[in-house]
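Colleague:
In our numbering, the protein residues as written are 389 to 786.
1. Give me, in chain order, the residues of the same chain whose beta-carbon lies closer than 6 Å to that of residue 772; leave out the 5 immediate sequence neighbours on both sides.
2. Tell me where the beta strand (DSSP E) around residue 729 begins and ends.
3. Since residue 479 and residue 451 are thought to touch, with beta carbons under 8 Å apart, how far apart are those beta carbons, to the nearest angstrom?
4. Measure the Cβ-Cβ separation of residue 711 and residue 756 and say whether it is below 8 Å.
5. Does the beta-carbon of residue 499 have 16 or more other beta-carbons within 10 angstroms, so that it is buried, or is it exposed?
6. If we count the other Cβ atoms within 10 Å of its Cβ and call it buried at 16 or more, is residue 533 buried or exposed?
7. Any contact of the stretch 513-529 with the stretch 610-625, i.e. 3+ C-beta pairs under 8 Å?
8. Identify every residue that forms a DSSP beta bridge with residue 605.
9. Among 774, 775, 737 and 764, which has the Cα closest to the Cα of residue 540?
10. Which first and last residues belong to the beta strand (DSSP E) in which residue 761 is found?
11. Output yes or no for whether 8 Å exceeds the beta carbon distance between residue 784 and residue 746.
12. From which residue to which residue does the alpha helix (DSSP H) around residue 485 run?
13. Drop a sphere of 10 angstroms on the beta-carbon of residue 717, count the other beta-carbons inside from all chains shown, and report buried for 16 or more, exposed for fewer.
14. Does the beta-carbon distance from residue 468 to residue 530 come in below 8 Å?
15. Look up residue 745 in the DSSP assignment and say whether it is helix, strand or coil.
16. Looking at C-beta atoms only, is the number of pairs between the stretch 582-602 and the stretch 775-783 that lie closer than 8 Å three or more?
17. Cβ of residue 753 within 8 Å of Cβ of residue 669?
18. Just verifying my parser: in three-state terms, what is the DSSP assignment at residue 466?
19. Quick one: what does DSSP say residue 612 is sitting in, helix, strand or coil?
20. Do you know how far the Cα of residue 761 is from the Cα of residue 562?
21. Counting only runs of 3+ residues fully inside the stretch 665-739, write out the beta strand (DSSP E) ranges in chain order.
22. Which of helix, strand or coil does DSSP assign to residue 766?
23. Quick one, are the C-beta atoms of residue 475 and residue 537 less than 8 Å apart?
24. Three Cβ pairs or more, each shorter than 8 Å: is that satisfied between the stretch 588-606 and the stretch 420-433?
25. Are residue 504 and residue 516 closer than 8 Å when you measure CB to CB?
26. Based on the DSSP secondary-structure assignment, which residues constitute the bridge partners of residue 663?
27. Hey, how far is the Cα of residue 409 from the Cα of residue 490?
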């Protein structure tokens with residue numbers, strides 16, 4: 389009898405649990421269950437019952453990621469409901485307006501304009517008045533990083549699309565990224581989300597690194613990919629995974645410093661003196677004092693001595709090169725530009741990927757100390773030798 393009573397009690401408890409589950413509010417409309425019941429299950433039990441509940445991203449961040457994905461992919465019909473959710477999750481109306489502005493430049497004006505229409509409906513519905521620009525101080529971008537980014541745009545974009553290069557430096561980074569209407573961290577989060585959503589993983593390394601430099605954690609960055617999978621599709625998310633993995637691996641490696649050497653190392657003047665490889669130089673050139681830093685640093689260099697008339701071949705550096713002129717007189721020239729003269733005490737900077745050569749003048753020897761950083765183990769890409777004709781043109785500046 390006791391067993392029967394226990395069974396009845398257990399059944400009652402189980403039944404009440406089912407009833408409680410049935411009473412749980414559904415997010416998916418009834419039409420979804422009537423047409424695609426499996427979709428109803430994944431919507432309520434997985435997307436909103438599990439993913440949206442995960443603590444790796446705050447509800448506010450998930451709303452930013454979701455609205456950014458919908459705007460970026462032009463899913464305007466779904467935008468209104470998620471704008472409401474975003475407001476409920478603490479996203480300010482001004483921030484939603486700036487999200488749309490940011491994505492106009494990254495995913496196109498048509499998407500942004502359509503999103504404005506739907507967002508305005510929600511604002512009107514909630515009695516939210518006109519949004520105005522923030523009066524806070526503009527965001528200061530990191531000067532060294534900006535200089536490197538600008539130099540890359542000037543060397544890689546400007547020769548082919550000068551207007552795009554100008555707008556990139558002057559409008560995109562010179563204006564939009566400095567607007568205080570959205571924090572640098574949230575602006576990076578939105579941009580990173582949009583690149584994954586529209587299937588542009590090749591642009592992701594720069595913006596993923598920028599996002600984490602701006603305060604996004606590595607676990608948050610990983611969670612963005614999982615969340616976007618539900619709103620832009622698994623293929624887009626999967627394509628982003630290997631790219632993000634490489635970014636995270638590099639950053640993790642750079643942070644592993646406890647085992648790095650702690651001893652000061654001196655490379656003596658003239659140490660390791662050798663004749664420079666003939667295939668990369670013209671004339672008599674000697675190298676000495678080679679040094680290479682220990683990881684996570686990636687800098688290295690050497691002293692290079694050119695006899696009069698000697699020079700390098702054309703070449704590029706993935707992260708640029710700095711020359712400290714020790715003695716003598718020399719020339720440096722980028723492809724398509726004029727040769728420039730330098731002398732003792734001068735410092736020459738060659739931006740990343742700029743094709744160039746440098747060497748002594750025709751009448752005077754020159755020595756410089758060259759410094760460059762390695763990218764994926766590569767410091768330099770050598771090209772063809774500088775012809776006597778091109779070298780003669782450089783000599784005319786004297």
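Here a beta-carbon is modelled for each residue, glycine too, at the ideal position from N, C-alpha and C.
None of these values were measured; they are calculated from a predicted model.
Modeller: For this structure:
1. Looking up residue 772 in the chain shown gives position 384. Cβ neighbours of residue 772 beyond the five flanking positions: 702.
2. Here residue 729 refers to the residue found at position 341 when the chain shown is read from its first residue. Here the beta strand (DSSP E) through residue 729 covers 728-730.
3. Your numbering for residue 479 matches position 91 in the chain shown. Your numbering for residue 451 matches position 63 in the chain shown. Residue 479 to residue 451, Cβ: 5 Å. Contact.
4. Taking the first residue of the chain shown as 1, we reach residue 711 at position 323. Taking the first residue of the chain shown as 1, we reach residue 756 at position 368. Yes, they are a contact pair.
5. For the purposes of this step, residue 499 is taken as residue 111 along the chain shown, with counting starting at 1. It is buried - the Cβ of residue 499 has at least 16 other Cβ atoms within 10 Å.
6. Walking along the chain shown from the start, residue 533 turns up at place 145. Residue 533 should be labelled exposed.
7. no
8. Walking along the chain shown from the start, residue 605 turns up at place 217. Residue 605 is not bridged to any residue.
9. Taking the chain shown and counting its residues from 1, one reaches residue 540 at position 152. The residue with the shortest Cα to Cα distance from residue 540 is 737.
10. For the purposes of this step, residue 761 is taken as residue 373 along the chain shown, with counting starting at 1. Per DSSP, residue 761 belongs to the beta strand (DSSP E) from 754-761.
11. Your numbering for residue 784 matches position 396 in the chain shown. Your numbering for residue 746 matches position 358 in the chain shown. Contact: no.
12. Along the chain shown, one-based indexing puts residue 485 at 97. Where residue 485 is concerned, the enclosing alpha helix (DSSP H) stretches over 481-495.
13. Within the chain shown, residue 717 is the residue found at index 329, counting from 1. Its Cβ being crowded by 16 or more others within 10 Å, residue 717 is buried.
14. Sequence index remark: in the chain shown, residue 468 carries index 80 (1-based). Sequence index remark: in the chain shown, residue 530 carries index 142 (1-based). Contact flag unset, no.
15. Walking along the chain shown from the start, residue 745 turns up at place 357. If DSSP states are grouped into helix, strand and coil, residue 745 belongs with the strands.
16. no
17. Translated into positions along the chain shown, residue 753 becomes position 365. Translated into positions along the chain shown, residue 669 becomes position 281. Result no, Cβ atoms of residue 753 and residue 669 do not sit closer than 8 Å.
18. Numbered from 1 along the chain shown, position 78 holds the residue referred to as residue 466. Here residue 466 sits in helix by DSSP.
19. As a first step, residue 612 is located in the chain shown; it is residue number 224 there, counting from the start. In this structure, residue 612 counts as helix in the three-state DSSP scheme.
20. Taking the chain shown and counting its residues from 1, the one referred to as residue 562 is at position 174. Taking the chain shown and counting its residues from 1, the one referred to as residue 761 is at position 373. When rounded, the distance between both Cα atoms is 27 Å.
21. 673-680, 687-694, 709-716, 718-722, 728-730 and 735-738
22. As a first step, residue 766 is located in the chain shown; it is residue number 378 there, counting from the start. Residue 766: strand per DSSP, three-state reduction.
23. Taking the first residue of the chain shown as 1, we reach residue 475 at position 87. Taking the first residue of the chain shown as 1, we reach residue 537 at position 149. No, Cβ-Cβ distance for residue 475 and residue 537 is not below 8 Å.
24. no
25. To locate residue 504, count along the chain shown from 1; it is residue 116. To locate residue 516, count along the chain shown from 1; it is residue 128. No, the Cβ-Cβ distance between residue 504 and residue 516 is not below 8 Å.
26. As a first step, residue 663 must be located in the chain shown, where it is residue number 275. According to DSSP, which records beta bridges pairwise, residue 663 is partnered with 674.
27. For this step, residue 409 is matched to residue 21 along the chain shown. For this step, residue 490 is matched to residue 102 along the chain shown. With a pLDDT of only 47 at residue 409, under 50, the local geometry of the prediction cannot be trusted, and the value read off the model is given with reservation. Residue 409 and residue 490: Cα-Cα distance of roughly 41 Å.
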